[in-house]
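Chemist:
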Amino acid sequence: MAEYEMTIGIECHVQLATKTKLFSPADNDARDAKPNSKTHPIDFGLPGMLPILNKEAVNLAVRAGKAMNAKIANLSRFDRKHYFYPDLPNGYQITQMYQPTILAGEIDVPTEDGTTVKVRIHHAHIEADAGKLTHYGDYSLVDLNRAGTPLIEIVSEPDMHSPTEAKAYTTELYRLMTFAGITHGDLYHGNMRFDVNLSVAPKGSKELGTRTETKNLNSFRSVEKAAEYEFKRQVALLEKGERIVQETRGWDDAKGKTTSQRSKEDAQDYRYMPDPDIPPIVLSDKQIQEIQSNLPKLPPEYRAEWGDLGVDKSVINSILANQKYAELVSAVLSSGGKKAAKRVANWISSNLTIDEATDEKKNADVADLLALCEMTEKAEITSNAASELFNELMNGATDPRRLAEDRNLLQVSDEGEIAAIVDEVLADSASQKAIDDIKAGNDKAIGFLVGQIMKKSQGKANPGMAQKLIRERL
Amino acid sequence: MPTISDVKGNSARKNIEDALKKAKEFEEYHALLSLTEKRALERADAVDSGEITGKLAGVPFVVKDNYLAFGAPTTAAAKILENFDAPLQATAVEKLEAEGAICIGKANLDAFAHGGSTENSAFGPTKNAADPTKVAGGSSGGSAVVTALDIVPFALGSDTGGSIRQPASFNGVYGIKPTYGMVSRYGVVAMASSTDVMGCFTKTADDAELVMSIMAGRDEKDMTTLPDYFESTTVDGKVKIGVIKDTLTDDVDESVRNVTNEYIQKLKDAGHEVEEVSLPLVKLSLAMYYIIVPAEVSSNLARYDGIRYGRRAQNVKTLAELYGRSRDEGFVTENKRRIMIGSYVLSSGFFDAYYLKAQKARTLLIQQFDELFNKYDLLLMPTAPTPAFGFGENTDDPIKMYLSDAMTVPANLTGMPAMSIPAGTSPDGLPVGVQLVAPRKADAKMLAFAKSMETQR
Numbered sequence: 000m001a002e003y004e005m006t007i008g009i010e011c012h013v014q015l016a017t018k019t020k021l022f023s024p025a026d027n028d029a030r031d032a033k034p035n036s037k038t039h040p041i042d043f044g045l046p047g048m049l050p051i052l053n054k055e056a057v058n059l060a061v062r063a064g065k066a067m068n069a070k071i072a073n074l075s076r077f078d079r080k081h082y083f084y085p086d087l088p089n090g091y092q093i094t095q096m097y098q099p100t101i102l103a104g105e106i107d108v109p110t111e112d113g114t115t116v117k118v119r120i121h122h123a124h125i126e127a128d129a130g131k132l133t134h135y136g137d138y139s140l141v142d143l144n145r146a147g148t149p150l151i152e153i154v155s156e157p158d159m160h161s162p163t164e165a166k167a168y169t170t171e172l173y174r175l176m177t178f179a180g181i182t183h184g185d186l187y188h189g190n191m192r193f194d195v196n197l198s199v200a201p202k203g204s205k206e207l208g209t210r211t212e213t214k215n216l217n218s219f220r221s222v223e224k225a226a227e228y229e230f231k232r233q234v235a236l237l238e239k240g241e242r243i244v245q246e247t248r249g250w251d252d253a254k255g256k257t258t259s260q261r262s263k264e265d266a267q268d269y270r271y272m273p274d275p276d277i278p279p280i281v282l283s284d285k286q287i288q289e290i291q292s293n294l295p296k297l298p299p300e301y302r303a304e305w306g307d308l309g310v311d312k313s314v315i316n317s318i319l320a321n322q323k324y325a326e327l328v329s330a331v332l333s334s335g336g337k338k339a340a341k342r343v344a345n346w347i348s349s350n351l352t353i354d355e356a357t358d359e360k361k362n363a364d365v366a367d368l369l370a371l372c373e374m375t376e377k378a379e380i381t382s383n384a385a386s387e388l389f390n391e392l393m394n395g396a397t398d399p400r401r402l403a404e405d406r407n408l409l410q411v412s413d414e415g416e417i418a419a420i421v422d423e424v425l426a427d428s429a430s431q432k433a434i435d436d437i438k439a440g441n442d443k444a445i446g447f448l449v450g451q452i453m454k455k456s457q458g459k460a461n462p463g464m465a466q467k468l469i470r471e472r473l
Numbered sequence: 000m001p002t003i004s005d006v007k008g009n010s011a012r013k014n015i016e017d018a019l020k021k022a023k024e025f026e027e028y029h030a031l032l033s034l035t036e037k038r039a040l041e042r043a044d045a046v047d048s049g050e051i052t053g054k055l056a057g058v059p060f061v062v063k064d065n066y067l068a069f070g071a072p073t074t075a076a077a078k079i080l081e082n083f084d085a086p087l088q089a090t091a092v093e094k095l096e097a098e099g100a101i102c103i104g105k106a107n108l109d110a111f112a113h114g115g116s117t118e119n120s121a122f123g124p125t126k127n128a129a130d131p132t133k134v135a136g137g138s139s140g141g142s143a144v145v146t147a148l149d150i151v152p153f154a155l156g157s158d159t160g161g162s163i164r165q166p167a168s169f170n171g172v173y174g175i176k177p178t179y180g181m182v183s184r185y186g187v188v189a190m191a192s193s194t195d196v197m198g199c200f201t202k203t204a205d206d207a208e209l210v211m212s213i214m215a216g217r218d219e220k221d222m223t224t225l226p227d228y229f230e231s232t233t234v235d236g237k238v239k240i241g242v243i244k245d246t247l248t249d250d251v252d253e254s255v256r257n258v259t260n261e262y263i264q265k266l267k268d269a270g271h272e273v274e275e276v277s278l279p280l281v282k283l284s285l286a287m288y289y290i291i292v293p294a295e296v297s298s299n300l301a302r303y304d305g306i307r308y309g310r311r312a313q314n315v316k317t318l319a320e321l322y323g324r325s326r327d328e329g330f331v332t333e334n335k336r337r338i339m340i341g342s343y344v345l346s347s348g349f350f351d352a353y354y355l356k357a358q359k360a361r362t363l364l365i366q367q368f369d370e371l372f373n374k375y376d377l378l379l380m381p382t383a384p385t386p387a388f389g390f391g392e393n394t395d396d397p398i399k400m401y402l403s404d405a406m407t408v409p410a411n412l413t414g415m416p417a418m419s420i421p422a423g424t425s426p427d428g429l430p431v432g433v434q435l436v437a438p439r440k441a442d443a444k445m446l447a448f449a450k451s452m453e454t455q456r
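Residue numbers (numbering that gives the first Met the number 0), protein chains in the order written: chain A, 0 to 473; chain B, 0 to 456.
Set out below in structure tokens:
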């Protein structure tokens, strides 16, 4: 396989977090709703119904474009893509075939090995989603709750060359879209779906191989796995001297395999036509700038901001998995300085389960975090206690000092109190060997004595002070 | 019951009862597909009790059966919608009702408004008001005939390529096609979205002005509507009128040319300046029209699939069969023909050669009209090349039928307001109309001019 290279381009559907649908006043949040309860006569394709473009969707699309460093078209239009299917009420999907709103862009994608890959965006278009079909024995049911949900489809250039790059790209895209508030990012409910176009060619070849498109992947991991599988599958075919069929494939997550769905030969003629019901979207440079200026801080800016915190890239990466955490670190940085920010960054990274797919967003008060940092800094608590308190704060607790007092976590730094324990330990016959070792020049043995003191103090003694007192006495 | 002012102020119940009685009397014309009797009488009582008021309080009217309206199914004269009860009403209907007008029934049309004779109705043709052996014209044939027969003082139609003006000419009434975007299309079964406009039939230009002033205006539910601009006006002094000579050639019926020339003389007698002008692209407008409109038709009719509402074929085994048979049973031949043409011109590889080229030609046509309107206030031409023809005369030759639209489609392609004015009769006593075309948004001025000429009669 070493002599083959893969080329990957990814199409990504992003469900926009608008209140209502792209062309109707129906509720856009159909999660767990009764079938066909979130529909309007427009979504139903009744006679005489006309689309009413949702301005909020256009705003979000512009934001999305700007989050991808894309140029926004001053004039864009909608087109109709025709095909018959029971989940498509009008017999056509409203999309942007000829003049999309989001033009070429570019994303810097950080990969796991610490390098950065540039992935160019070809364009992204706004379109309406179709409904959902559920198949039973000899009949199928149509649910139009999702019909008309606004999407943008982001089409990348074929700039990725490994499954990890593909995974990194989708991860970064997810972060850009969720941080910018474009989508709720609920992957379980298909808020972002990825189609992986992959082809294989001999290394160094100038020509790309025939590509397949694996559709409807809904996690970063499945993007990576599907790319791995397709690469192996295509290489195996080439090795056998067979040709790759240009086709659409599906992903079976349980089996970890892609399967053929339909080939290019069955491709439909969509009879694209400009939609005469919707006037063009006209956006002045000023309007575009205004939307851009409302963008919150995005992952690349956070990375730049945290560049000299002195934390590991993997720590930054895990914090960026959750916008709330990123905002927290930034807030700590601006009010408490680098040292505190670094501490909080490390706490977040090592204490919190970071999972993009979960909705649970924990948070804490910045002042409380700073107080906790100070207590740690002054060695009033141990690092284990600090972690414990950090978790408490993130779960809604407040006032770390009182918490520490209540739980008896504050370290004893009173010299007299610790000295008493030190004397007690040194007098213990079990300590004699360590004392002799230290006197013989084996300084490491002091750890044993400190450990004994910690034990006796139930972990509350300040270990530094204990050590100092031992040395004074020996 | 000739005009709005003749009936307004009467007991609404009497107005409605009279209209319903007449509608039943003239049943043999088959102008109406349904009566909305119950609802109409209820509304009439509400007017009489003072609950409903307005500029058209108690005035009966009829809608073409492609307007979504309460009280009877909205069929578009097609089997696929035979039992479709609208859950809401078209904006135009809502606006008229808000002024107290009362819809008494729904008029016949060519199925989905495809046609120029009302012979394409799935429920049978409508007879001409002046001569029941002739067609009503179309596609808004039923609406023209109920107006001409004095069943109601006004009726609504839709005009995609002449569907108001041509039947108005055939039946001797006024037929108004407004500027594209002046009246909301919301709630009207779409034919071709870029040329569909909603207008009316009346006995007088005054009534047309009143009805259009109520229907006009921006509608949030139709993104293609223009900001409000319609304001009734008057015309004083000399108006410059260009007569498009390309529409008065030998292939136009002699009676039509004669009526047009007589009308030109009347204009001159009234002191207006009339000149012959040339508009060469008019001859190509039919070709543009029969590419662009079928393309949009094929798209707009895709929703009628038998899945969510409307007719669904029985005993089918596959999804493809369900679609194919439902649509086959639900559409008339002309619907299928236009779907075929439209699908063809939009198909991959032909889009540029047909659709895009037609759209470019359309832009040139608009330019030619605009240039003429730099010099002339109004343009004049016949409404249709012939008076009403006989049943079956054109049905076996679609091209011949399409030629009947040659003079009306330019206003649809350019979005300009136009109207058919009853101007005379053929030697056989068939009504003949002339057509005025005005610059975009000059609807009120066009109507004002028609009013001024009305007093000349």
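Positions of the beta carbon are idealized from the N, C-alpha and C atoms, including for glycine.
Based on DSSP bridge pairs, tell me the residues matched to A:H81.
Modeler: Paired residues: A:Y91.
Chemist: So for B:A215, helix, strand or coil by DSSP?
Modeler: Strand.
Chemist: Residue ranges of each beta strand (DSSP E) run of no fewer than 3 residues wholly in the segment 98 to 167 of chain A, ordered along the chain?
Modeler: You should have 104 to 109, 115 to 127, 131 to 134, 139 to 142 and 149 to 155.
Chemist: Is the number of C-beta pairs between the segment 188 to 198 of chain B and the segment 225 to 237 of chain B that are closer than 8 Å three or more?
Modeler: No, the segment 188 to 198 of chain B is not in contact with the segment 225 to 237 of chain B.
Chemist: A:N345 to A:L409, Cα distance in whole Å?
Modeler: Each residue's alpha carbon lies about 21 Å from the other.
Chemist: Which residue wins for smallest C-alpha separation from B:D427, given the options B:K13, B:G348, B:D130 and B:E208?
Modeler: It is B:D130 whose Cα lies nearest to the Cα of B:D427.
Chemist: Give a yes or no on whether the minimum CB-CB distance between B:I482 and chain A is below 8 Å.
Modeler: Any property of residue 482 of chain B remains undetermined from this structure, which presents chain B solely from 0 to 456.
Chemist: How many Å lie between A:E326 and A:E10 at the Cα?
Modeler: Straight-line Cα distance between these residues: approximately 29 Å.
Chemist: Do you know offhand how far B:A417's Cα is from B:A77's?
Modeler: One C-alpha to the other measures close to 28 Å.
Chemist: Kindly list the residues whose CB is nearer than 8 Å to the CB of A:D364, restricted to its own chain and excluding five residues on each side of it in sequence; keep chain order.
Modeler: Here the set comprises L392 and T397.
Chemist: Can you confirm whether A:R76, when its beta carbon is compared against all beta carbons of chain B, has any partner nearer than 8 Å?
Modeler: Not an interface residue.
Chemist: Could you check the C-alpha separation between B:N14 and B:P1 for me, to the nearest Å?
Modeler: Each residue's Cα considered, the two are about 12 Å apart.
Chemist: What is the DSSP secondary structure of B:R456, counted as helix, strand or coil?
Modeler: With a pLDDT of 49 at B:R456, under the threshold of 50, the modelled position of that residue is not reliable, and the figure given next carries that caveat. Here B:R456 sits in coil by DSSP.
Chemist: Can you have a look at A:S428 and say buried or exposed, based on whether 16 or more other CB atoms are within 10 angstroms of its CB?
Modeler: Its Cβ having fewer than 16 others within 10 Å, A:S428 is exposed.
Chemist: So which residues of chain A does B:D184 contact, with C-beta pairs closer than 9 Å?
Modeler: Sequence inspection shows Arg at residue 184 of chain B; the Asp mentioned does not correspond to that position. Per Cβ cutoff of 9 Å: G47, L49 and D276.
Chemist: Give the residues from the segment 80 to 95 of chain B that approach chain A closer than 9 Å (Cβ to any Cβ), ordered along the chain.
Modeler: Within the segment 80 to 95 of chain B, the qualifying residues are L80, F83, A85, P86, L87 and A89.
Chemist: Going along chain A, which residues have a C-beta under 9 Å from B:K222?
Modeler: At residue 222 of chain B the sequence reads Met, which differs from the Lys that was named. Here the neighbours are L49, P50, I51, L52, D276, I277 and P278.
Chemist: Using a Cβ-Cβ distance cut-off of 8 Å, determine whether B:Y289 contacts chain A.
Modeler: Cβ-Cβ to chain A under 8 Å: no for B:Y289.
Chemist: Could you name the residues of the same chain whose beta carbon sits closer than 7 Å to that of B:K220, not counting the 5 residues immediately before and after it, in chain order?
Modeler: Cβ within range, chain order: T90, S183 and Y185.
Chemist: In its own chain, which residues sit with a C-beta less than 6 Å from the C-beta of A:E384, not counting the 5 before and 5 after it?
Modeler: The question names Glu, but residue 384 of chain A in the sequence shown is Ala. Excluding residues within five positions, the ones whose Cβ falls inside 6 Å are L408.
Chemist: Taking the C-alpha atoms as reference points, what is the distance between A:E379 and A:S430?
Modeler: Rounded to whole angstroms, A:E379 to A:S430 spans 27 Å at the Cα level.
Chemist: Which partner residues of B:T424 appear in the DSSP bridge assignment?
Modeler: Paired residues: B:P430.
Chemist: For B:R302 and chain A, any beta-carbon pair shorter than 8 Å?
Modeler: So yes, B:R302 belongs to the interface.
Chemist: Cβ of B:K34 less than 8 Å from any chain A Cβ?
Modeler: Reading off the sequence shown, one finds Leu at residue 34 of chain B, where the question assumed Lys. Not an interface residue.
Chemist: Here's the rule I'm using: 16 or more other beta-carbon atoms within 10 Å means buried, otherwise exposed. How should A:V281 be labelled?
Modeler: Exposed, since its Cβ has fewer than 16 Cβ neighbours within 10 Å.
Chemist: May I ask you to list the residues that DSSP assigns as paired with A:A419?
Modeler: None; A:A419 has no bridge partner.
Chemist: With the cut-off set at 8 Å, would you say B:S142 and B:A97 are in Cβ contact?
Modeler: Cβ atoms of B:S142 and B:A97: not closer than 8 Å.
Chemist: Starting from B:D158, follow the beta strand (DSSP E) in both directions and report where the run begins and ends.
Modeler: Taken as a continuous stretch (DSSP letters only), the beta strand (DSSP E) holding B:D158 covers F153 to D158.
Chemist: Can you tell me which of the three DSSP states B:V331 falls into?
Modeler: Three-state DSSP puts B:V331 in coil, outside helix and strand.
Chemist: If you drop the 5 nearest sequence neighbours on each side, which residues of the same chain put their C-beta closer than 8 Å to that of A:Q260?
Modeler: Here the set comprises K214, E246, T247, R248 and G249.
Chemist: Tell me where the alpha helix (DSSP H) around A:D367 begins and ends.
Modeler: Per DSSP, A:D367 belongs to the alpha helix (DSSP H) from V365 to E376.
Chemist: Counting only C-beta atoms, is A:V281 closer than 8 Å to chain B at any point?
Modeler: Cβ-Cβ to chain B under 8 Å: no for A:V281.
Chemist: With a cut-off of 8 Å, does the C-beta of A:Y480 fall near any C-beta of chain B?
Modeler: In the structure as shown, chain A starts at 0 and stops at 473, and residue 480 of chain A therefore has no counterpart that could be examined.
Chemist: Look at the alpha carbon of A:G255 and the alpha carbon of A:Y187, and state the distance between them as a whole number of angstroms.
Modeler: Using only the alpha carbons, I get a separation of about 18 Å.
Chemist: Taking Cβ-Cβ distances shorter than 8 Å, what residues in chain B pair up with A:P85?
Modeler: The answer, in chain order, is D304, I306 and L318.
Chemist: Quick test of your reading: A:R290 and A:N27, contact by CB under 8 Å. State the CB separation rounded to the nearest angstrom.
Modeler: The sequence shown places Ile at residue 290 of chain A, rather than the Arg named in the question. With 8 Å as the limit, A:I290 and A:N27 do not qualify as a contact, their Cβ atoms being about 19 Å apart.
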